[in-house]
Amino acid sequence: MTEEGHGVQQGKERALTDSSDPSAWFALMRREHPVVREEQFGMWQVFRYEDVAKGLSDPATFSSDARGQMAALPDFHPFTQGNFMMMDPPAHRRVRSLVSSAFTPRAVAQLAPRITAVAKELLDALDGAEEFDFIAAFAHPIPVIVLADLLGLPREDSRHLLTWAKVLTGVDVEAAPPGAAGAQAPPDPMASLREMNGYLREHIARRRAAPTDDLLGRLAAAEQDGERLTDDEIVGVASLLLIAGHLMVTMLLANLMLCLDEHPRSLAGLRADDMAVSSTIEEVLRYRNPADRQLRYTTREVEIAGQTIPAGERVLFWTGSANRDEARFEQPEKFDIHRRPNPHMGFGHGVHFCLGAPLGRLEATIALRLVLDRFADFKVADGVEYFGSYSLIKKLPMKVRWC
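Right, here's the structure in full:
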């Protein structure tokens with residue numbers, strides 16, 4: 341499948357919302373401009389694997405604390421308070437450590453039966469459909485439902501969580517063209533955020549009154565150095581998991597299908613070798629990783645690759661470019677489902693390495709195996725829509741022949 345408009349841009353400047361294939365641009369920048377200031381948004385950009393890894397491993401110099409950068413809107417306050425992705429050590433360590441026990445490989449493995457049941461239920465509902473949006477029908481619901489279970493939220497509320505997640509991430513949200521008959525404004529993200537905050541606060545209050553053994557209950561009861569998390573901090577943690585956490589898995593599943601569609605020999609090889617499922621997932625995380633950039637803020641003057649970056653500057657570390665670096669990967673432009681070793685940064689790097697990586701890998705493994713078992717053949721259809729990034733996909737129409 342070749343999407344119209346996905347040509348190669350060779351110039352030094354490239355819009356941050358460009359959804360065309362960035363691989364040739366990444367190669368150019370690694371070769372000629374490994375560290376460069378982007379003038380339109382006034383930020384620095386870093387492209388080589390070694391430099392990206394060093395930067396993301398140094399939170400003292402490259403801060404993740406963007407809370408002061410966000411608009412002072414009351415509805416955003418809980419999200420920023422508990423969002424440990426926007427924190428530096430030691431605050432980051434304090435909040436993350438209270439959540440991490442739910443995402444150990446052993447804890448995550450216990451979720452396998454539920455993930456399998458959810459995926460099978462979604463595929464059963466689709467059985468026989470010749471064309472559908474893979475994201476809306478399958479890739480989006482799986483992680484939202486699983487994360488709701490993990491938090492201990494009622495399964496019957498999954499439809500509300502799915503709606504809020506769609507609005508807040510932009511998945512499957514459309515408005516009719518202005519002036520069209522029956523035209524409606526798109527859903528209001530702030531209204532959805534307000535509703536979700538209120539919903540989560542209600543469940544936190546119940547757990548304060550009557551402790552439970554789910555993740556939300558453990559967060560409400562957790563105590564560290566005599567201090568407990570505030571309600572706003574717990575709302576922020578839960579929101580981060582439900583929104584950012586589910587989006588990573590949704591995009592991983594969508595990019596899996598895109599990569600296999602674009603590389604039919606790899607798909608045939610995968611069908612012939614079930615043991616390649618894990619390495620295929622890792623290669624998609626490298627080749628077309630959803631989180632292809634990480635934003636940081638310099639706390640002091642620092643030099644990278646001969647360029648001096650002043651304190652107080654924004655720095656964009658391109659993990660997507662690092663994952664294609666010729667100095668780190670052999671034949672980086674080749675999609676190789678048997679690639680080993682594969683030290684990609686698909687789940688980030690450093691102290692902010694994705695907490696949910698074990699869960700994401702498990703969900704992708706179960707989903708991919710079930711899809712290969714149920715789909716005799718599939719093809720990505722016309723009409724793929726992007727969020728403004730090559731690996732962030734809004735709609736993924738697919739044509740399927742069922743087994």
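Residues in the sequence shown are numbered from 341 upward in steps of one, following this note's numbering. Even for Gly, the Cβ is constructed at its ideal location relative to N, Cα and C. On a predicted model such as this, the values are computed, not experimentally measured, just so you know.
query                                                                                                                                                         : result
From V281 to K719, what does the alpha carbon distance come to, in whole angstroms?                                                                           : Because residue 281 is not part of the residues shown, which for the chain are 341 to 743, the question remains open.
Is G382 helix, strand or coil by DSSP?                                                                                                                        : coil
Is the region 619 to 637 touching the region 672 to 689 in the sense that three or more CB pairs, one from each, lie closer than 8 angstroms?                 : yes
In angstroms with no decimal places, state the Cα-to-Cα distance between L569 and V439.                                                                       : 11 angstroms
Out of R548, S729 and R547, point me to the one whose CA is closest to R633's CA.                                                                             : S729
Using a threshold of 8 angstroms, state whether the C-beta atoms of L356 and L710 are closer than that.                                                       : no
Got a sec, what are the start and stop residues for the beta strand (DSSP E) D473 sits in?                                                                    : E471 to D473
L493 and L501: beta carbons closer than 8 angstroms?                                                                                                          : yes
Looking only at C-alpha atoms, which of E461, R377 and K394 sits nearest to T659?                                                                             : K394
Here's the rule: buried if 16 or more other CB atoms are within 10 angstroms of the residue's CB, otherwise exposed. What is L508?                            : buried
Can you grab the Cα-Cα spacing for the pair E535 / T503, in whole Å?                                                                                          : 11 angstroms
Which residues bound the alpha helix (DSSP H) around S498?                                                                                                    : S498 to T509
So is P604 buried or exposed if we call it buried at 16+ other beta carbons inside 10 Å?                                                                      : exposed
Buried or exposed: which applies to Q385, given that a residue is buried once 16 or more other Cβ atoms fall within 10 Å of its Cβ?                           : buried
Name the one or two DSSP bridge partners that Y637 has.                                                                                                       : S403 and R654
Put A477 into one of helix, strand or coil per three-state DSSP.                                                                                              : helix
Please check the pair V375 and Q647, which I expect to be a contact at CB under 8 angstroms, by giving their CB distance rounded to whole angstroms.          : 4 angstroms
Please report the residue range of the beta strand (DSSP E) in which Y726 lies.                                                                               : E725 to S729
Residues in the same chain with beta-carbon distance under 7 angstroms from E567, minus the five sequence neighbours each way, listed in chain order, please. : none
Per the contact definition of three or more C-beta pairs closer than 8 angstroms, is the region 580 to 590 in contact with the region 481 to 488?             : yes
Quick check on R664: buried or exposed, where buried means 16 or more other Cβ atoms within 10 Å of its Cβ?                                                   : buried
Report the option in R741, A562, E653 and L598 whose CA atom is closest to the CA atom of R714.                                                               : R741
Apart from the five residues just before and just after K739, which ones in its own chain have a Cβ nearer than 6 angstroms to its Cβ?                        : E471, K719 and A721
If you check the beta carbons only, do R747 and S404 fall under 8 angstroms apart?                                                                            : Since the first residue shown for the chain is 341 and the last is 743, residue 747 is missing from the structure and cannot be characterised.
What do you get for R701, buried or exposed, if any count of 16 or more other CB atoms within 10 angstroms of its CB means buried?                            : buried
Pull up the DSSP beta-bridge partners for M738, would you.                                                                                                    : F472 and V720
Taking its Cβ as the centre, do 16 or more other Cβ atoms sit within 10 Å of M591, making it buried, or is it exposed?                                        : buried
So what does L732 bridge to, in DSSP terms?                                                                                                                   : S729
Distance, Cα to Cα, V655 vs A400?                                                                                                                             : 14 angstroms
Please return the same chain residues whose Cβ sits closer than 7 angstroms to the Cβ of R370, not counting the five positions on each side in sequence.      : F387, R388, S661 and D665
Within 10 Å of its beta-carbon, does A469 have 16 or more other beta-carbons around it, so buried, or fewer, so exposed?                                      : exposed
For I733 versus I482, is the C-beta distance shorter than 8 angstroms?                                                                                        : no
Per DSSP, which one or two residues make a beta bridge with V375?                                                                                             : V386
In whole angstroms, give me the CA-to-CA distance for R495 and V458.                                                                                          : 11 angstroms
Would you list the one or two residues that DSSP bridges to Q771?                                                                                             : Residue 771 cannot be examined here, being either before or after the span of the chain that is shown, 341 to 743.
Check the DSSP bridge columns for R568 and list the partner residues they point to.                                                                           : E563
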